[in-house]
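Numbering (our numbering), first residue to last: 167 to 506.
Note that CB positions come from ideal geometry on N, CA and C, so glycine has one too.
Given the structure is predicted, the values throughout are model-derived calculations rather than measurements.
What follows is a single structure, written as structure tokens, with notes after it.
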Ligand SMILES: NC(=O)c1ccc[n+]([C@@H]2O[C@H](COP(=O)([O-])OP(=O)(O)OC[C@H]3O[C@@H](n4cnc5c(N)ncnc54)[C@H](OP(=O)(O)O)[C@@H]3O)[C@@H](O)[C@H]2O)c1
């Protein structure tokens with residue numbers, strides 16, 4: 167494993183990084199750096215990784231107010247630009263947290279101020295459930311004001327997201343943690359349709375139906391936990407969870423290419439067509455290098471397609487709104503939005 171001095175290693179030419187074309191014609195680098203330190207990495211460490219990642223060629227950064235580090239990440243973004251990388255060559259995403267669905271414009275302005283930016287490339291509604299819970303709370307905790315998905319309410323939030331585009335504060339708006347039935351309603355009612363949907367995607371959770379739906383509707387899939395989030399907190403683990411980096415197929419392919427299994431996950435993601443946003447403070451260069459060279463073969467891609475285990479790692483239990491529900495209720499497993 168490499169270490170935090172990765173930023174000093176030979177850079178990868180940003181022009182070599184595959185790009186995704188959004189429906190607006192804008193392009194987004196097909197791999198980004200995640201910035202959620204999963205509670206065990208300090209904001210300063212994430213901010214250092216952002217600077218180091220830019221030095222080795224990253225141009226896409228996935229941020230969120232709830233990650234608690236936008237001021238520190240913003241200082242790095244400012245330093246990166248002071249160092250000569252132009253704003254228009256960066257892609258910065260941020261997200262509206264769940265207790266701010268009625269405060270979209272002010273929340274976006276706060277993220278912009280913290281990130282020291284005049285505009286965001288992409289602003290996402292982080293979860294489709296308006297709900298407050300303290301960061302780091304146990305998955306069994308329930309909020310007294312938890313609410314189900316209600317289309318009318320989501321659209322009130324979405325109208326404000328659209329206003330952000332009109333105001334020039336954000337270039338694109340998007341969704342996260344959505345399902346096919348919810349997205350169908352948003353596509354029906356939106357004036358400005360989502361440009362991207364951020365969703366959990368890794369070899370053990372490939373979400374083929376949702377993936378196909380977003381691609382067919384011109385929405386870019388951005389894949390979170392692309393490595394299977396090996397550093398996620400204990401509270402986000404259940405005994406059924408599996409680790410894609412330990413899958414014999416991934417391990418075999420990694421040995422063949424002489425790379426870490428995590429990098430196989432990144433290669434697979436980029437070649438499949440999603441935009442992975444791996445978090446890393448120690449291995450970010452290896453992940454970017456994985457996205458640009460030595461592609462997986464067609465046979466390797468088929469082998470990985472066959473190891474999907476439908477294993478959702480980020481289940482979202484804290485968003486449940488009724489006693490006796492299980493986390494599946496959040497994900498509209500039967501193809502219908504779970505009734506209130
Ligand atoms: N929209 C949402 O609701 C949502 C939810 C979850 C996450 N996200 C976003 O997605 C990002 C990624 O998800 P994640 O952080 O949960 O999981 P992840 O990217 O799947 O895994 C990150 C972990 O993998 C390790 N790692 C990364 N590259 C590696 C390599 N080449 N070799 C060995 N180990 C490697 C990292 O350790 P080192 O630091 O030691 O390299 C870190 O512990 C987040 O940071 C966040 O930006 C969004």
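Looking at the DSSP output, residue 194 sits in a beta bridge with 186. Note on geometry: alpha-carbon atoms of residue 333 and residue 382 lie some 29 Å from one another. Beta-bridge partners assigned by DSSP to residue 390: 366.
Per DSSP, residue 289 is one residue of the beta strand (DSSP E) stretching across 288-291.
By alpha-carbon distance to residue 223, the top candidate from 506, 372, 344 and 199 is 199. Judged by DSSP in its simplified three-state form, residue 263 adopts coil rather than helix or strand.
The criterion of a C-beta distance shorter than 7 Å is not satisfied by residue 425 and residue 466. Note on the region 306-381: whole alpha helix (DSSP H) runs with a minimum of 4 residues are 317-332 and 346-355, in chain order. Judged by beta-carbon spacing, residue 387 lies beyond the 7 Å limit of residue 371, meaning their Cβ atoms are not closer than that value.
Of all C-beta pairs linking the region 184-201 to the region 441-452, three or more are shorter than 8 Å, placing the two stretches in contact. Between the beta-carbon of residue 339 and that of residue 361 there is about 7 Å, and that keeps the pair under the 8 Å contact cut. By the Cβ neighbour-count rule, residue 447 is buried, with 16 or more other Cβ atoms within 10 Å of its own. Closer than 6 Å to some heavy atom of ligand 1: that does not describe the Cβ of residue 404. Counting the other Cβ atoms within 10 Å of the Cβ of residue 179 gives fewer than 16, which makes it exposed. Between the region 467-485 and the region 395-410 there are three or more C-beta pairs closer than 8 Å, enough to call the two in contact. Scanning its chain for C-beta atoms nearer than 8 Å, with the 5 sequence neighbours on each side dropped, one finds around residue 243 the residues 216, 227, 256, 258, 281, 282 and 283, in chain order. The region 484-500 and the region 204-211 do not touch, with fewer than three beta-carbon pairs separated by less than 8 Å.
Annotation for residue 310: no residue places its beta carbon closer than 6 Å to its own, counting only its chain and skipping 5 residues before and after. Restricting attention to 253, 204, 245 and 246, the CA atom closest to the CA of residue 233 is found in 204.
Assigned with DSSP and collapsed to three states, residue 202 falls in coil, not helix or strand.
Short of 8 Å from the beta carbon of residue 373, and not among the five residues preceding or following it, lie these beta carbons of its own chain, in chain order: 365, 366 and 367. With a cutoff of 7 Å on beta-carbon distance, residue 455 and residue 436 are scored as not near each other.
Distances from the alpha-carbon of residue 445 to those of 428, 275, 461 and 460 put 428 closest.
Note: residue 226 is bridge-paired with 257 in the DSSP secondary-structure output.
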